[in-house]
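**Q**
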Amino acid sequence: MKYAERGVRSVLITATRGQRGSAGDPPLCSIEELPALREQELRDAAAIIGFDELHVLDYEDQRLAEAARAEIQPVLVGHIRRLQPAIVFTFDPDGVNRHPDHVAISRFTTDAVAAAADARFHPETGPAYSVPRVLWTPPITPWDAALHDSLDELPGCDYVIDVSQFRDRRVAALRAHRTQHMSINRCFFSRANVDGILAREVWREARGITIPVRPLDDILAGLRQTD
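Count along the sequence shown from 1, then add 3; that gives the number in the working numbering.
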């Protein structure tokens, strides 16, 4: 949201539709209807946040780790070479909560970033492109990070971004995932410090130029800004 208002393009690529997850309590749809509803919820949330593009890959929820590397790699490499992003965001190797799909997409994304920089991989997807910066989710959850007045001394908190002015839009984006209301309430809205949770974004530097001080307050620091 913050960078969209500055004219920075952002693209979201998600590998599954969450079709093996919860339909809510009480259920908002049948199991057969869940993939389409989950995708629509994602599209609604992405529109609220301000993504310029959203791409949903057709992999099965909770089985992403079974995807063939030879199949998913050229798809992700193609997106990277087409978009030429200044930053790629993905989960850390533990996937935040060790969800197997989170762990898998972290591995596939990291692999694709390296492959995209090597012209020998998938030349049909375009010229090689080296991503300047890769950011991971940090080794602390948003709800735990909100308990700290200062994150300066916590390892892995390399970028701390003030997004407090976008609180209402962040709430709306979270609430758009109606089938996931139980986990969203548990992690965010049932907590006394929900305003603190929603006030900051924290990211960890996985790859990029050496940053002069940690944490920085701008994920684009040291990079050319692109439209």
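Each residue gets a CB set at the ideal place from its N, CA and C atoms; glycine is no exception.
Check whether the segment 50-66 touches the segment 162-177, taking contact to mean three or more Cβ pairs, one atom from each stretch, closer than 8 Å.
**A** Counting Cβ pairs under 8 Å, three or more are found: they touch.
**Q** Which ranges would you report for the alpha helix (DSSP H) in the segment 159-217 if only whole runs of at least 4 residues count?
**A** Counting whole runs of 4 or more residues, the segment 159-217 contains the alpha helix (DSSP H) stretches 170-178, 184-187 and 197-202.
**Q** Whose C-beta lies closer than 6 Å to the C-beta of T17 among residues of the same chain, with five residues either side of it excluded?
**A** Taken in chain order, the residues that qualify are V59.
**Q** Starting from T113, trace the alpha helix (DSSP H) both ways and give me its first and last residue.
**A** Start and end: P103 to A119.
**Q** In the DSSP assignment, the beta strand (DSSP E) including L123 goes from what residue to what residue?
**A** This sequence places Arg at residue 123; Leu is not what is there. Per DSSP, R123 belongs to no beta strand (DSSP E) and is neither H nor E.
**Q** Spell out whether any CB of chain C is found under 8 Å from the CB atom of D165.
**A** Note that chain C does not occur in the displayed structure, where there is just one protein chain.
**Q** Residues in its own chain within less than 6 Å of G129 by CB, not counting five upstream and five downstream?
**A** Once the five neighbours on either side are set aside, the close Cβ partners of G129 are R84.
**Q** Grouping DSSP H, G and I as helix and E and B as strand, with all else coil, what is H82?
**A** Helix, per DSSP.
**Q** Given that a residue counts as buried once 16 or more other Cβ atoms are within 10 Å of its Cβ, and exposed if not, what is P88?
**A** So P88 ends up on the buried side.
**Q** When the distance is taken between beta carbons, is R203 closer than 8 Å to D155?
**A** Cβ atoms of D155 and R203: not closer than 8 Å.
**Q** Using the Cβ count rule (16 or more neighbours within 10 Å means buried), how would you classify D121?
**A** Classification for D121: exposed.
**Q** Can you name, in chain order, every residue of its own chain whose Cβ lies under 6 Å from the Cβ of A119, other than the five neighbours on each side?
**A** These residues qualify, in order along the chain: V80, I83, R84 and Y132.
**Q** Three-state secondary structure (DSSP) at A73?
**A** Helix.
**Q** If the criterion is Cβ atoms closer than 8 Å, does the pair Q65 and P103 meet it?
**A** Contact flag set, yes.
**Q** Could you please give the first and the last residue of the uninterrupted alpha helix (DSSP H) stretch that includes L37?
**A** L37 -> alpha helix (DSSP H) spans L37 to I52.
**Q** The ligand FAD heavy atoms versus the CB of A117: any closer than 7 Å?
**A** Looking for the ligand FAD in the displayed structure turns up nothing, as the structure carries no ligands at all.
**Q** Helix, strand or coil: how does DSSP classify R66 here?
**A** If DSSP states are grouped into helix, strand and coil, R66 belongs with coil.
**Q** If we count Cβ pairs, one from each stretch, closer than 8 Å, do we get three or more for the segment 176-185 versus the segment 134-147?
**A** They do not touch, by the three-pair rule.
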